[in-house]
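There are 2 protein chains.
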Amino acid sequence: MSLFPETDHLLPELAGRLEAVAACFERELVSDLSSVNLLARHVEKYRGKMLRPTLVIASGFAVRTGAPPSRVIDESLNTLGAVVEMIHMATLVHDDVLDEASMRRGGATVNSLRGNETAVMLGDFLISSSFRLCSTVGEPWLNTELGAMTSQLCSGEILQLSHRGDFNLDSETYFDIIRRKTGVLAGACCGLAARLAGADPIACKALRIYGEELGMAFQIQDDVLDLVGDETVVGKTLGIDLQKGKFTLPLVTHFSRCSADSRDQTIRAVERCDVAEVLRLVESTESLVAARETAEALVERAKDQLEILAECPARQLLRAIADATIEREY
Amino acid sequence: MSLFPETDHLLPELAGRLEAVAACFERELVSDLSSVNLLARHVEKYRGKMLRPTLVIASGFAVRTGAPPSRVIDESLNTLGAVVEMIHMATLVHDDVLDEASMRRGGATVNSLRGNETAVMLGDFLISSSFRLCSTVGEPWLNTELGAMTSQLCSGEILQLSHRGDFNLDSETYFDIIRRKTGVLAGACCGLAARLAGADPIACKALRIYGEELGMAFQIQDDVLDLVGDETVVGKTLGIDLQKGKFTLPLVTHFSRCSADSRDQTIRAVERCDVAEVLRLVESTESLVAARETAEALVERAKDQLEILAECPARQLLRAIADATIEREY
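Protein chains in written order, with our numbering: chain A, 1341 to 1670; chain B, 1341 to 1670.
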């Protein structure tokens, strides 16, 4: 169930807490309609890594060193874990519609099995369930922050769509896109968990920034894998970014470095979706290496944010998660 | 701006309050991204009738006879008006994706102008903005109720999709679909507005049921117009229900009344999307008239709910809205 089995020993409580998160997730999605329940069961199969709930739980532990255990805080954190996972599932379901993807975690996507209409509605059902669940924590600021966060998330997707097929996309806009569409959710996991656990504003902010930088590194790694990954290892349809005109860091960097001739050649290779040729060209300017280095730098900056926290197993886990994010091949 | 200009004189305050709702709506959707603002401006053009904010404001007035004016309650109601309108806009944008519709309020749809991907994301942006806005009222129960309501709304759409092309759809399931997908939102407009305005639980429940029955009558009228309406008057693509295999009350009633021969004939006419022939067959069993009578009965039941409220201009307006719902040709 865990993303990084090699680091889970750092926080033995994590496995049990993730099970509680999963139970909360499943309870929320029970419907009186069998057609809805069938879809909810399908979505649970997507819930493999549970990175976001892991960030919530670990952040909660990381700021509570020395404080007595609190059942109320624990339950709030479990609920937040289920909420962020549900928001993440909604984005996956809608992303698959956007990408016309047929494979997710090695299984068929909802859109390919049941059509785009059902996938759109299932995503909406997950979003509204997540907001309902979130309101049960009874903290109005949590709803406000999560609503603002998901609006940012959508604005990132809209920004990316408005630059589709744009060979002039610059790195500043690329970073703005990935911060919004991936960074802010991971940032919210850590920052809001810290606030729920009673941390001071400085610790909350540090954890929010840790999450944002980690999320951005994660997205860059995803973008790199979409170019160089092995479909059977990653478990989802690859090469989609090029096909859909979503140009990511390796290509953006390449365009800023290459000659006019190479630029023309690259544009032609992109237009015929020749991933192997695009990869050869991108590697000729070392832009793939550069993207990996950028992800590494983001991970270092993320880990720096943890310095203000007292050393504890949860902090070690957060550090290990940051490292593992860019080491993964899936 | 109003749905029923002929009845607006009943509540002269309504026009000003709807302007305040519109201002709240527009403020919430301002983004730092021009691509998001452009889309938000496009959606504002859909905001023609403002039926749902009208229900919110009128319900608020209807339960407050004699009570001193309260700025806090007024502002909460304006916010709720903007929230429900935003949820409604989100459903329109996603419905147009689902229906592959090209026309809405006489203009082009977002999906036809900017593609399905952008329309899906814009709908998500509207949903999350509505939840953020809702949380600014500072009443956690309001978020819980609205989240549960939108989940019901999605489940209604999923239920309808799971019966697509199902010639055995029965009227019980049809009513369950339209109660979820249209009734509960209108019911929430009235019931939650009453609660915000401080009404007792009995008045809140009566107004919720009024809204639900009204919403269902509205949906039946919409379904009838999709078969018999004039596209230039209605202002949106028609005949879509048949084309998408969504069978509505006239057809469901017809199948329960017609001979085996007529059933075969009807199925063939539906399969080749021959709206004129379907209409002829449906009229042969008087099933169109029956659907209109069902809508009228729902309107009467809706108005009955208002009996427990003291007579006042807002109650008159709610009664007039119920009547106008099934008299409209658009």
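By construction, the Cβ of each residue, glycine as well, lies at the ideal position given by its N, Cα and C atoms.
Range covered by the alpha helix (DSSP H) that runs through A/Ser-1390 = According to the sequence as given, residue 1390 of chain A is Met; it is not Ser. Per DSSP, A/Met-1390 belongs to no alpha helix (DSSP H) and is neither H nor E.
Could you tell me whether the Cβ of A/Ile-1465 comes closer than 9 Å to any Cβ of chain B?
-> Checking the displayed sequence, the identity of residue 1465 of chain A turns out to be Phe instead of Ile. A/Phe-1465 counts as touching chain B.
Simplified DSSP assignment, three categories, for B/Ala-1448 = strand
For chain B, find out if any of its Cβ atoms is closer than 9 Å to the Cβ of A/Met-1341; answer yes or no.
-> With a pLDDT of only 40 at A/Met-1341, under the threshold of 50, the placement of this residue in the model should not be trusted; the figure read from the coordinates follows. Cβ-Cβ to chain B under 9 Å: no for A/Met-1341.
Per-residue contacts from A/Ser-1287 into chain B (C-beta, under 7 Å) | Chain A is shown from 1341 up to 1670; residue 1287 of chain A falls before or after that span and cannot be answered.
Between the region 1524-1539 of chain B and the region 1586-1598 of chain B, are three or more C-beta pairs nearer than 8 Å?
-> no
Could you tell me whether any non-hydrogen atom of the ligand SAH is closer than 8 Å to the CB of B/Gly-1455?
-> Ligands are entirely absent from the displayed structure, and the ligand SAH is therefore not among its contents.
Please go through the region 1562-1639 of chain B and give each complete alpha helix (DSSP H) segment of 4 or more residues, from N-terminal end onward.
-> DSSP runs (the alpha helix (DSSP H)) wholly in the region 1562-1639 of chain B: 1571-1574, 1580-1583, 1589-1597, 1600-1611 and 1615-1624.
So, is A/Ser-1475 buried or exposed, given that buried needs 16 or more other C-beta atoms within 10 angstroms?
-> buried
Under 9 Å between C-beta atoms, does A/Ser-1371 make it to chain B?
-> yes
Starting from the C-beta of A/Leu-1628, find all residues in its chain whose C-beta is less than 6 Å away, skip the five residues before and the five after it, and write them out in chain order.
-> Cβ within range, chain order: Pro-1590 and Val-1622.
Backbone secondary structure at B/Val-1412 - three-state DSSP = helix
What residues from the region 1490-1524 of chain A come within 7 Å of chain B, judged by C-beta to C-beta, listed N to C?
-> Thr-1490, Ser-1491, Cys-1494, Ser-1495, Glu-1497, Ile-1498, Leu-1499, Leu-1501 and Ser-1502
May I ask which residues mark the beginning and end of the alpha helix (DSSP H) holding A/Pro-1480?
-> A/Pro-1480 -> alpha helix (DSSP H) spans 1480-1502.
Check A/Asp-1540 in the structure and name its three-state DSSP category.
-> When DSSP states are grouped into helix, strand and coil, A/Asp-1540 belongs to the coil group.
Residue interval of the alpha helix (DSSP H) (run including A/Asp-1663) = 1653-1667
Out of curiosity, what's the CA-to-CA distance linking B/Glu-1636 and A/Gly-1527?
-> Going by the C-alpha atoms only, they are around 52 Å apart.
Counting along the chain, where does the alpha helix (DSSP H) carrying A/Phe-1515 start and finish?
-> 1511-1518
Could you check the C-alpha separation between B/Ala-1631 and B/Asp-1566 for me, to the nearest Å?
-> 13 Å
Determine the extent of the alpha helix (DSSP H) in which B/Arg-1472 is found, giving its start and end residues.
-> 1456-1475
Simplified DSSP state of A/Met-1341, which is helix, strand or coil | Residue confidence for A/Met-1341 is low, a pLDDT of 40 falling below 50, so the modelled location carries little weight; the figure read from the coordinates is stated next. Residue state, collapsed to three classes: coil.
Three-way DSSP call (helix, strand, coil) for A/Ser-1442 in this model = coil
Excluding five sequence neighbours on each side, which residues of the same chain lie with their C-beta closer than 7 Å to the C-beta of A/Thr-1634?
-> Ile-1560 and Leu-1589
Minimum C-alpha distance to B/Asp-1508 - residue among B/Arg-1597, B/Ala-1398, B/Ile-1397 and B/Val-1568 = Note that residue 1508 of chain B is Asn in the sequence shown here, rather than Asp. Ranking the options by Cα distance to B/Asn-1508, first place goes to B/Arg-1597.
May I have the straight-line CA-CA distance separating B/Pro-1541 from B/Leu-1350, to the nearest angstrom?
-> 26 Å
Going along the chain, which residues of the region 1430-1441 of chain A sit with their C-beta nearer than 7 Å to a C-beta in chain B?
-> His-1434, Val-1437 and Leu-1438
Spell out a yes or no on whether the region 1382-1389 of chain A and the region 1426-1433 of chain A are touching, meaning 3 or more CB-CB pairs, one atom from each, closer than 8 Å.
-> Contact holds: three or more Cβ-Cβ distances are below 8 Å.
Kindly list the residues whose CB is nearer than 7 Å to the CB of A/Arg-1655, restricted to its own chain and excluding five residues on each side of it in sequence; keep chain order.
-> Result list for A/Arg-1655: Ala-1402, Leu-1646 and Leu-1649, in chain order.
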